[in-house]
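Start counting the sequence shown at 0; every next residue gets the next number (numbering that gives the first Met the number 0).
Quick reminder that beta carbons are idealized off the backbone N, C-alpha and C, glycines included.
Predicted, not measured: the structure shown is a model, and the values here were computed from it.
A quick write-up on the structure given underneath.
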Amino acid sequence: MAENLAHATIHTIDLPPDFSSNKDSDSSLPKDDHHLIVRRVLGREFKGQLCEERIVRQHFGDTAIIDFARIGRPTFFFIDGTHTYEHCKSDSEKCLAVCPHGGTVFWHDCDELHPGVVKFVSEWPAQGRNCSH
Numbered sequence: 000m001a002e003n004l005a006h007a008t009i010h011t012i013d014l015p016p017d018f019s020s021n022k023d024s025d026s027s028l029p030k031d032d033h034h035l036i037v038r039r040v041l042g043r044e045f046k047g048q049l050c051e052e053r054i055v056r057q058h059f060g061d062t063a064i065i066d067f068a069r070i071g072r073p074t075f076f077f078i079d080g081t082h083t084y085e086h087c088k089s090d091s092e093k094c095l096a097v098c099p100h101g102g103t104v105f106w107h108d109c110d111e112l113h114p115g116v117v118k119f120v121s122e123w124p125a126q127g128r129n130c131s132h
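Right, here's the structure in full:
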């Protein structure tokens, strides 16, 4: 995305570098994907790219407790975090709260391997959200 959006500012939220899936989180929401957390390489997708310093802003925290308002007013969101229903719901609602005039949410891993994501995304139209999946 960053290489194709020269005038955009892209914010990414990742768990802190010292986060351990073995220690308790400040969040009461369940976590999954522990196998991915331990293998992650922060910034792997953009470190060293020409666009990195110009438009990518990396934030660290747990999306279940971080204040999305401190990031600004984005209008496009790509959610690829914890794949539980509770986290998907929390992340999605926080995204919409910071873009009161509308925005687009794209959920990664909305498939049969991630039933929590599918369940939440399937519920959104019943809540009056314009949603295609």
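Cβ separation of residue i and residue j, assumed to be a contact under 8 angstroms, to the nearest whole Å
| i | j | result |
| --- | --- | --- |
| residue 102 | residue 73 | 7 angstroms |
| residue 62 | residue 108 | That belief does not hold up - the Cβ atoms of residue 62 and residue 108 are roughly 15 angstroms apart, past 8 angstroms. |
| residue 82 | residue 113 | 4 angstroms |
Spatially closest choice to residue i from the options, by CA coordinates
| i | options | result |
| --- | --- | --- |
| residue 54 | 81, 6, 15 | 6 |
| residue 106 | 97, 100, 116, 98 | 116 |
| residue 56 | 98, 84, 11 | 11 |
| residue 76 | 104, 100, 121, 99 | 104 |
| residue 84 | 100, 95, 120 | 120 |
| residue 97 | 16, 69, 130, 17 | 69 |
Distance CB(residue i)-CB(residue j) smaller than 8 angstroms
| i | j | result |
| --- | --- | --- |
| residue 13 | residue 59 | yes |
| residue 67 | residue 88 | no |
Burial state of residue i (16 or more Cβ within 10 Å)
| i | result |
| --- | --- |
| residue 71 | exposed |
| residue 127 | exposed |
| residue 8 | exposed |
| residue 64 | exposed |
Which residues DSSP lists as bridging residue i, in chain order
| i | result |
| --- | --- |
| residue 120 | Partner(s): none; residue 120 has no beta bridge. |
| residue 107 | DSSP output for residue 107 lists no bridge partner at all. |
| residue 13 | 59 |
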